[in-house]
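Numbering (my numbering), first residue to last: 17 to 535.
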């Protein structure tokens, strides 16, 4: 399967036709000018104050927007990198002063994937990965995250994080804020928003949540069209996925042909909606509703209606004049299915801009990497392979050097024997096959001997293993990118609130490679 992120960056025509424009045109691509809804603007100003980080909100500017479903301790590092990308793009766009641009972070509290948002990993002071898991309220139903009370169990997780993470003189202040923010938050989604608001308090980044009353009201026409033309967006979404597959890429989202792209909150559940035989069916309850009944429900209680991943993107464009959405690699893939959906809603599709990718290191980390001639990107390989590379990079045992010297001669002699048999023509064919099999067996034995000699020094082997295990745990735990695994709080207790301004200064939104920040 083709590499979608690579081809998107390289402007591959077969892929690029699935998007509005290439990200290189992020500052020049025209967008439809539209004013913000006044009530929405007022609600957003109030929301910043509610989160304890009041700031001016330009209710007329175009938008660079990103977002993530809420996670405990803000979720993985890439959440932070998405927010920084939006900030950096808005900052650059504002430099010429001809237009105003607003960076927005969308707190996706409509989501209900509890397993994904309830666990995060922390790199502790012993350089081990530990899991922080929030159990929530026992027996809780499948509700949107903004319906889940935040207080239950989170204080204990905060205490665990403070005790486990590398600390400093900043730990007490950060721990106090975490406890206070849990007590202040009405739900888990708001706790996430309060943490993000504090981290980016001294920046123009604006927090947004779709639970704002004005946002629900402004989004009503999108849901109304989805109800009036059921399954149109589903058909367009699946057609976009099929088109991507024809171009050599996988479809990220495949919907059942009767599935609608919205949910309704009903009987203490976030219910899926199907359209079957001219009726809207809620599979979770078995109830059916006509088009007029569903429309009346929408106008009576818009807070009950939430968008799925596809319709959320349309709602976003209906709420704001968006120049670009900042996406991770997985999001970039499903946005490639949405062009037809935007056309169905007669809504402009924004540019999809890949987020910053980064890895955090330290002086000690880089000393170890340099010692073995390795880079952070090397740790996507198996640890045993890296250990062998590291052992080869150091002083060589005399017996290993002798083996290397003799090995080439042995292999050359075996190859000569095989060539001589081949020179006999048909009469030597059987002998040639046997010689080739023998040569392969000898090479395998020589490789086995070389590996054993590499590890003959037990103390050195153990040192290399322990140091590379530490590096692997820090840089690519479970061979996953660090940014997809660890929470920012693995470093925040040690470096304090100033860690965010430092990352903002050092990371470059135009650099599409994995950037290294040495802390």
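Cβ coordinates follow ideal geometry from the N, Cα and C atoms, glycine included.
Distance, Cα to Cα, residue 112 vs residue 500?
Rounded to whole angstroms, the gap between the alpha carbons of residue 112 and residue 500 is 35 Å.
Candidates 390, 343 and 355: which alpha carbon is nearest residue 100's?
343
Quick check: the Cα distance between residue 378 and residue 512, rounded to an integer number of angstroms?
15 Å
Whole alpha helix (DSSP H) elements within the segment 92-153, 4-residue minimum
94-109 and 130-133
Beta-carbon proximity of residue 67 to residue 213, cut-off 7 Å:
yes
Given residue 324, which residues of its chain have a CB within under 7 Å of its CB, disregarding the five upstream and five downstream residues?
Only 277, 278 and 279 meet the Cβ criterion.
Considering only residues of the segment 308-378, which uninterrupted beta strand (DSSP E) runs meet the minimum length of 3 residues and lie entirely inside it, listed in chain order?
321-323, 338-343, 367-370 and 373-377
What residues are listed by DSSP as bridge partners for residue 287?
280
Following the continuous beta strand (DSSP E) through residue 222, name the residue where it begins and the one where it ends.
Boundaries of the beta strand (DSSP E) harbouring residue 222: 222-224, taken from the DSSP string.
Nearest-angstrom Cα separation, counted from residue 369 out to residue 618:
Residue numbering for the chain in the displayed model covers 17 to 535; residue 618 lies beyond these limits and cannot be assessed.
Out of curiosity, what's the CA-to-CA distance linking residue 375 and residue 110?
28 Å
Am I right that residue 136 and residue 339 are in contact with their C-beta atoms under 8 Å? What's the rounded C-beta distance?
The beta-carbon separation of residue 136 and residue 339, rounded to 31 Å, does not stay under the 8 Å limit for a contact.
Please check the pair residue 93 and residue 502, which I expect to be a contact at CB under 8 Å, by giving their CB distance rounded to whole angstroms.
6 Å
Taking the beta carbon of residue 310 as the centre, do at least 16 other beta carbons fall within 10 Å, making it buried, or is it exposed?
Under the 10 Å beta carbon count, residue 310 is surrounded by 16 or more other beta carbons and is classified as buried.
According to DSSP, simplified to helix, strand and coil, what is residue 571?
Since the displayed the chain opens at 17 and closes at 535, residue 571 lies outside it and no answer follows.
Would a check of beta-carbon distances place residue 27 closer than 7 Å to chain D?
Of the protein chains in the structure, only one exists, and it is not chain D.
Which word fits residue 292, buried or exposed, when buried means at least 16 other C-beta atoms lie within 10 angstroms of its C-beta?
exposed
Quickly, what does DSSP pair residue 532 with across the bridge? List them, please.
According to DSSP, residue 532 shares a beta bridge with 375.
First through last residue of the beta strand (DSSP E) which encompasses residue 298:
Its beta strand (DSSP E) spans residues 295-298.
Taking the beta strand (DSSP E) that residue 495 belongs to, which residues open and close that run?
Premise fails: residue 495 is in no beta strand (DSSP E) and is neither H nor E.
Coil, strand or helix - residue 10 by DSSP:
The structure shown does not extend to residue 10, since the chain is modelled only from 17 through 535, so no value can be given for it.
Closest to residue 381 by C-alpha separation, out of 492, 364, 516 and 23, would be which residue?
492
State whether the segment 232-240 contacts the segment 315-329, with contact taken as three or more CB pairs (one from each stretch) at a distance under 8 Å.
Yes: the two stretches touch, three or more of their Cβ pairs being nearer than 8 Å.
Going by other Cβ atoms of all chains shown within 10 Å of its Cβ, with 16 needed for buried, is residue 317 buried or exposed?
Result: exposed.
Those residues which DSSP pairs with residue 78 across a bridge
117
Could you tell me if residue 467 is buried or exposed, where buried requires 16 or more neighbouring beta carbons within 10 angstroms of its beta carbon?
Label assigned to residue 467: exposed.
Residue ranges of each alpha helix (DSSP H) within the segment 19-56, 4 or longer:
20-25 and 29-32
Supposed contact pair residue 244 and residue 103 - C-beta distance, whole angstroms, cut 8 Å
The Cβ separation is near 38 Å, so there is no contact.
Where do the N-terminal and C-terminal ends of the alpha helix (DSSP H) with residue 241 fall, by residue?
229-244
Between residue 127 and the rest of its own chain, which residues show a CB-CB distance below 6 Å, the 5 nearest in sequence each way excluded?
85 and 161
For the 8 Å Cβ check, are there 3 or more pairs between the segment 186-203 and the segment 17-31?
no
In whole angstroms, what is the alpha-carbon distance linking residue 59 and residue 231?
If I take the Cα positions, the gap works out to 8 Å.
Helix, strand or coil, according to DSSP, for residue 292 in the structure here?
Note: residue 292 maps to strand in three-state DSSP.
Exposed or buried, what is residue 98 when buried is set at 16 or more other beta-carbons lying within 10 Å of its beta-carbon?
Result: buried.
Are residue 531 and residue 184 close, meaning C-beta to C-beta below 7 Å?
no
Extent of the continuous alpha helix (DSSP H) run through residue 395:
Looking at the DSSP string, residue 395 is not in any alpha helix (DSSP H), and its letter there is neither H nor E.
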